[in-house]
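Position one of the sequence shown corresponds to residue 6 (this note's numbering), numbered consecutively onward.
Here's the structure, in structure tokens; my notes come after.
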Amino acid sequence: LPGMVRRMGGGAVLYSPMTSGPVAVRKQVVTAHDLFAVEHPEWFSPAFSRWYSWLWPILLRRVTRIVANSEYTRQRVLERYGPPDEKVVTCHFAHDERFAPLPAEEVERFRADRGLPEGYLLYLGSVEPRKNLVTLVAAWKRTLARQHGITLLVAGGAARREVYNAANSGAEALN
Numbered sequence: 006l007p008g009m010v011r012r013m014g015g016g017a018v019l020y021s022p023m024t025s026g027p028v029a030v031r032k033q034v035v036t037a038h039d040l041f042a043v044e045h046p047e048w049f050s051p052a053f054s055r056w057y058s059w060l061w062p063i064l065l066r067r068v069t070r071i072v073a074n075s076e077y078t079r080q081r082v083l084e085r086y087g088p089p090d091e092k093v094v095t096c097h098f099a100h101d102e103r104f105a106p107l108p109a110e111e112v113e114r115f116r117a118d119r120g121l122p123e124g125y126l127l128y129l130g131s132v133e134p135r136k137n138l139v140t141l142v143a144a145w146k147r148t149l150a151r152q153h154g155i156t157l158l159v160a161g162g163a164a165r166r167e168v169y170n171a172a173n174s175g176a177e178a179l180n
């Protein structure tokens, strides 16, 4: 990437969307999704956490802008690394008209085709400990939703049995 940016000329700016980027490129905008690898190294492999602990202080000093996907992440970057306020901007995930509610008939057809229950709460994401699914299941169990037949569905990534065992949940896993 550094070589490609140089060949593109002086006006080129590299956008790095995944919380990392090449430290050799100064004209770069990097996205900060979170600081978990640095602030919670126990959630990652030691090598991964060490790499981010080395990379982030250098990268954040060098880049042109840092885009945080939430005000919370922006504040964590400012507090932990101390860049000038104007260097870190918050940019929430975009909204698009494509993400509008579908007609009821399409929703019902989708639900029936996939064998989904009539009422459900869907968690879609990884099942890593940092996602705190144990708390999600505990909260679901305490709500009236469960008593009214709302099923908790967990989808995405390989479901780990220990998440469900720890919560004693009975939650369903979709693959």
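Built from N, CA and C at the ideal position, the CB exists for glycine as well.
Cα atoms of F98 and L149: separation of roughly 31 Å, rounded to the nearest angstrom. For a cut-off of 8 Å, the C-beta gap from L158 to L107 is around 18 Å, too long to register as a contact. Nearest in C-alpha terms to V94, of all of A143, N74 and Y86, is N74.
For the 9 Å CB-CB criterion, V34 and Y20 form a contact.
For R67, the secondary structure class from DSSP, reduced to helix, strand or coil, is helix.
For R79, the number of other beta carbons within 10 angstroms of its own is at least 16, and it is reported as buried. Check the Cα spacing between G124 and each of I155, R66 and E84: the tightest is with I155. Taking C-beta separations shorter than 7 Å and ignoring five residues to either side along the sequence, the partners of P27 in its chain run L6 and P7, following chain order. About 10 Å separates the CB atoms of I71 and P89; that is not less than 8 Å, and the two are not in contact.
For the segment 121-153, the full-length beta strand (DSSP E) segments reaching 3 residues or more read 125-129 along the chain. Here Q33 is bridged, per DSSP, to L19.
With a cutoff of 9 Å on beta-carbon distance, W59 and R135 are scored as not near each other.
Bounds of the alpha helix (DSSP H) holding V10 are P7 to M13.
At the C-beta level, V43 and V30 stay beyond 9 Å of one another. Here T24 carries a coil assignment [DSSP, helix/strand/coil]. Residue pairing by DSSP leaves T78 without any beta bridge partner.
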